[in-house]
Amino acid sequence: MLAADRQLRQALTDYSRVHREHDAVAREFLTLLEEGGVDPFTRERLAGHFTGSAWLVSADGERALLTHHRKLQRWLQLGGHADGDHDLAAVALREAEEESGLPGLVLASTAIFDLDKHWIPERKDVPGHWHYDVRYVVVAAADERFVISEESLELAWRPVAEIAGDSDESLRRMAMRWMQRGA
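In terms of numbering that gives the first Met the number 0, the sequence shown opens at residue 0 and continues consecutively.
Structure (structure tokens):
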């Protein structure tokens, strides 16, 4: 097993201990990691695969950058496919950089911030499948001028307190978790 896989296993175990309410979800991610067969860090594992996402917050921690995703037509955190990279924290940082164009982004920690397993509907020649999304906190520098990539219809800095009232359960959970981090 690769060192990155062992680190992910430990990070998932640690996440499960801290977020007991997500223990069953963490176990699903561990099962995928240990399953064998087609590499779960590639899109070729059609039943489902790992993705890495960024809870991208402003330097003051008061706002998060969200994307209006072109394909899914929803406001989401930035992130994407691992494409064979087993270091999902690096994937999250890379995706945040690519999708925002922001300079000076920093991974706050290699600790998992959130987990979300969600269904991606069939599109063209790609069948519907599960994304096992591992999310990390990424912090922006003082320069918050983003560049909209081809994957987004729009990007927007939104107050975390506003996101906490969002209709999307996943965004709401991350915002609530962020606001409670010091408690």
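C-beta: ideal position from N, C-alpha, C; glycine also.
Determine, using beta carbons only, whether residue i and residue j come nearer to each other than 8 Å.
i	j	result
A163	R171	yes
K116	V17	no
G83	F49	no
L64	L154	yes
L104	A139	yes
Q76	M173	yes
Look at the alpha carbon of residue i and the alpha carbon of residue j, and state the distance between them as a whole number of angstroms.
i	j	result
D22	S15	5 Å
E43	R8	21 Å
E61	W177	9 Å
D113	V37	25 Å
A95	A58	15 Å
S108	Q179	17 Å
W156	E27	32 Å
P158	S169	16 Å
E150	L11	28 Å
A3	D124	31 Å
R93	L106	10 Å
L1	Y131	19 Å
S122	D165	Reading the sequence as shown, one finds Arg at residue 122 and not Ser. Distance between the alpha carbons of R122 and D165 is about 26 Å.
R5	D167	32 Å
M175	W118	23 Å
With DSSP collapsed to three states, give me the class of residue i.
i	result
E153	strand
S52	strand
V105	strand
I162	helix
H21	helix
D115	strand
L32	helix
V90	helix
R5	helix
R69	coil
L45	coil
Below 8 Å on the Cβ atoms is my guess for residue i versus residue j; work out the distance and round it to an integer in Å.
i	j	result
L45	P126	6 Å
A110	D13	7 Å
H67	W74	5 Å
R69	L152	5 Å
W129	G78	Actually they do not touch by this definition, with Cβ atoms about 15 Å apart.
Does residue i come within less than 8 Å of chain D when only Cβ atoms are used?
i	result
G47	Protein chain content of the structure displayed is limited to a single chain, and chain D is not contained in it.
*At a cut of 8 Å, does the segment 19-35 reach the segment 54-68 through at least three beta carbon pairs?*
Contact fails: fewer than three Cβ-Cβ distances are below 8 Å.
*For the 8 Å Cβ check, are there 3 or more pairs between the segment 86-95 and the segment 130-141?*
Result yes; three or more Cβ-Cβ pairs closer than 8 Å.
*How about the segment 91-101 and the segment 141-154: do they share at least three Cβ pairs that are nearer than 8 Å?*
Taking a cut-off of 8 Å on C-beta distances, the segment 91-101 touches the segment 141-154, as three or more cross pairs fall below it.
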